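Here is the structure we will look at, set down as structure tokens.
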Amino acid sequence: MKRIKDKLKKTFNSISTKLAVVFMLMLIATIEVIGAYFTRQLEQNSIENFQSSIQIQNVVANQLASQLTRDNKGTNDRLSRIINDYNNDSISEIIVVDNKDIIRAVSSLNDRSRIGQRVNNNDVKQVTSTGRQLTKIVDDNGSNYMIQITPLGSGNGSTSTVGAVYVRASMQNVFQDLRNTSMMFLLASLIAAILGAILALVISRAITRPIEEMKSQALSIADGDYSSQVKIYSNDELGQLGEAFNTLSVRIEKSQEESESERRRLDSVLSHMTDGVIATDRHGNVTIVNQMALNFLNVKEDDVVNKPIAEVLGIDESSQDLISNQKEIVVTVNAGTQDEMILHASFSLIKRVTGFVSGSVCVLHDVTEQLKNENSQKQFVSNVSHELRTPLTSLRAYIDALSEGAWKDPNIAPKFLEVTQEETERMIRMINDLLSLSRMDRGVSRMDLEWVNLNDFVAHILNRFDMIVKNDKKKGEKKKYTIKRELCNQALWVEIDTDKMMQVVDNIINNAIKYSPDGGVITVKLVQKQDRVILSISDQGLGIPRKDLNKIFDRFYRVDKARSRAQGGTGLGLAIAKEIVEAHQGKIWAESSEGKGSTFYISLPYEPMSEEDDWDEV
86 MKRIKDKLKK TFNSISTKLA VVFMLMLIAT IEVIGAYFTR QLEQNSIENF QSSIQIQNVV
146 ANQLASQLTR DNKGTNDRLS RIINDYNNDS ISEIIVVDNK DIIRAVSSLN DRSRIGQRVN
206 NNDVKQVTST GRQLTKIVDD NGSNYMIQIT PLGSGNGSTS TVGAVYVRAS MQNVFQDLRN
266 TSMMFLLASL IAAILGAILA LVISRAITRP IEEMKSQALS IADGDYSSQV KIYSNDELGQ
326 LGEAFNTLSV RIEKSQEESE SERRRLDSVL SHMTDGVIAT DRHGNVTIVN QMALNFLNVK
386 EDDVVNKPIA EVLGIDESSQ DLISNQKEIV VTVNAGTQDE MILHASFSLI KRVTGFVSGS
446 VCVLHDVTEQ LKNENSQKQF VSNVSHELRT PLTSLRAYID ALSEGAWKDP NIAPKFLEVT
506 QEETERMIRM INDLLSLSRM DRGVSRMDLE WVNLNDFVAH ILNRFDMIVK NDKKKGEKKK
566 YTIKRELCNQ ALWVEIDTDK MMQVVDNIIN NAIKYSPDGG VITVKLVQKQ DRVILSISDQ
626 GLGIPRKDLN KIFDRFYRVD KARSRAQGGT GLGLAIAKEI VEAHQGKIWA ESSEGKGSTF
686 YISLPYEPMS EEDDWDEV
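Set out below in structure tokens:
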């Protein structure tokens, strides 16, 4: 039922139905107006014609007047013969009265008894007294009659009335003809209305069909479908409108493609930018934000869109002031944590051709590494200056003493020269280490990689240190230590630069020897875990404080600066070791407990080799 109602409602709301109804109503109204006028005129003409048809002819009227003038015994009979001889099918009754309102003759034989009686009709009395003709239509129990009373003059130029003729005629045929004519007109009007309605529907359909197609095309365009075209039925205004609509559809499609292409290009640019971009409206509320900005701020898009940009950036300033002043500010995200990020934010206004400001764009640039590098460079220059100043000051002092005559003293001069030589060698080692780090930083340090059995490689290094331990015992060195081995039984083939990796292991073992107590045990362990090979070197020294563990691989960083410098360290060994290990796609780290010693770990990538692999010696 609801579907029928909706369908009927849609039909009656259609412009085609409305046009047909309006056209049909106009046609019916026109027919009704014309019909009413025509019927009225027809009725009036019919009554006038009927009235003329029952009018007593002048010859008869004169004869009647002449007989009334004579007024003798045979007058009534002669009057009766005259009206009986008057043949008119429309007249049903004729009565002749004199000027005294006495009935002198009647046409109906049944009413002859009325002759000589006074007429009681006031209309007759009025005519005989005034001498004016009277005509009226009377409805007698559904039968319509026309009564016409004509005065009879005496003639001979006299205006006196000698009597009157009362004529009564039935109008049934007249009104029946009028009803028949009206029914025919009504039937013709109904047929004309039906034909007009059909014609109106056809015409309205012809008019509205292109409009409906244009509506359908407009809905398709709104849904993004530009493939269909409006069919042109004629070259009139509707046809021209259809052609214009097709042209508009093509232009909209082209414009949409260009807009979509531009939007995809913009989205691609924004999504692949290494900087964060935030666009706002003229009130400072965020409208567009790219993924990099979301990553920088560690937020979701729904959390920042339509929010004030000052709130998004965490700035205690109004968004409009921030935009209008076009400031360049520094924003710190996750301050005081390991994920701390420093962003440089620059603002620029979006202006229309008229100069109206419609929004702004904020570009976020990550300057965390830049600031860290700048701080590292400043600290590095300061450390290098400090490290070089100490031996140079010492050299200058000893050289000044020698220049002032100490070279002549055979006891002092050799000691001074020995110290000068040691400080010079220390500076040479430091400069060599700096050059090695510089080459690694610039990526120009060449790696001579070769496949090596790591078990044999570590064992070779430890054998060399065992020889050093034996020589130290022969020389009577006071400090004693033991190197413990825990190597794998299987061959672990890794691709490394043997010279550089030997430098790393030597540096860590030497540090373990330096900081181990007398009689301490240095444990070297090699294990294989999944796709990694892990080499660990443990000592029983004083250990490294927890706060210094993350800094021991920094350049020139020493836990115990006085002791390190006294033992000839440059503070660059572990930094170089880290660079070398990372160049091998490996990782180096340390674990330590104060008073219990430290353990350094070196993890290198490892790919197990099948037994079918053939090795050819070169």
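For what it's worth, our numbering labels the leading residue of the sequence shown as 86, then goes sequentially.
Glycine included, each C-beta is placed from N, C-alpha and C at the ideal position.
From a predicted model like this one, the values you see are computed outputs, not experimental measurements.
- When C-beta atoms of the stretch 660-668 are compared with those of the stretch 584-593, three or more pairs fall below 8 Å, so the two segments count as touching.
- Apart from the 5 residues on each side of it in sequence, residue 582 sits with its Cβ closer than 7 Å to the Cβ of 532, 533 and 534 in its chain, given in chain order.
- Taking C-beta atoms as the reference points, residue 365 and residue 394 count as a pair closer than 8 Å.
- Following the DSSP letters along the chain, one finds residue 569 inside the beta strand (DSSP E) bounded by residues 566-571.
- Residue ranges of uninterrupted alpha helix (DSSP H) with 4 or more members, entirely inside the stretch 349-400 and ordered along the chain, are 376-382, 386-389 and 394-398.
- Per DSSP, residue 299 is not a residue of any beta strand (DSSP E); the alpha helix (DSSP H) it occupies stretches across 257-307.
- Excluding five sequence positions before and after residue 145, the CB atoms of its chain that fall closer than 7 Å to its own CB belong to 167 and 171, given in chain order.
- At the C-beta level, residue 688 and residue 619 come within 8 Å of one another.
- Taking the C-beta atoms as reference points, residue 503 is found no nearer than 8 Å to residue 479.
- According to DSSP, residue 444 shares a beta bridge with 366 and 435.
- Contact annotation, residue 682 with residue 621: C-beta distance approximately 12 Å; criterion of less than 8 Å not satisfied.
- Between residue 131 and residue 259, the alpha-carbon positions lie close to 7 Å from each other.
- Here residue 176 really is in contact with residue 252; their C-beta atoms are around 6 Å apart, less than 8 Å.
- Around the CB of residue 215, fewer than 16 other CB atoms lie within 10 Å, so the residue is classed as exposed.
- The beta-carbon distance between residue 182 and residue 209, rounded to whole angstroms, is 6 Å. This is short enough to meet the 8 Å contact definition.
- The straight-line gap separating the alpha-carbon atoms of residue 269 and residue 174 is approximately 27 Å.
- With respect to residue 437, residue 443 sits close: the two C-beta atoms are nearer than 8 Å.
- Nearest neighbour of residue 160 by Cα position, chosen from 187, 134, 506 and 235, turns out to be 187.
- For residue 691 against residue 543, the beta-carbon gap comes to about 14 Å, at or over 8 Å, which does not count as contact.
- Burial check for residue 604: the Cβ neighbour count within 10 Å stays below 16, so the residue is exposed.
- A straight line joining the alpha-carbon of residue 326 with that of residue 341 spans about 22 Å.
- Non-local beta-carbon contacts of residue 377 in its own chain, meaning distances under 7 Å to residues more than five positions away in sequence, involve 358, 359, 360 and 361 in chain order.
- Sorting 127, 693, 250 and 236 by C-alpha distance to the C-alpha of residue 576 places 693 at the top.
- DSSP places residue 689 in no alpha helix (DSSP H) but in the uninterrupted beta strand (DSSP E) bounded by 682-690.
- By the neighbour-count criterion, in which a residue is buried when 16 or more other Cβ atoms sit within 10 angstroms of its Cβ, residue 477 is exposed.
- Looking at the backbone, the Cα of residue 333 and that of residue 350 are separated by about 25 Å.
- Under DSSP, residue 498 forms no beta bridge with any residue.
- Of the candidates 481, 373 and 447, 447 places its Cα closest to the Cα of residue 414.
- Between the beta-carbon of residue 354 and that of residue 374 there is about 14 Å, and that puts the pair past the 8 Å contact cut.
- For residue 667, the CB contacts under 8 Å within the same chain, skipping 5 residues up- and downstream, are 673 in chain order.
- The beta carbon of residue 678 sits closer than 7 Å to those of 628, all from its chain and outside the five residues before and after it, given in chain order.
- Counting C-beta atoms within 10 angstroms of its own C-beta, residue 142 has fewer than 16 neighbours from the protein chains shown and is therefore classed as exposed.
- With distances taken between CA atoms, residue 636 lies nearest to 657 out of 379, 135 and 657.
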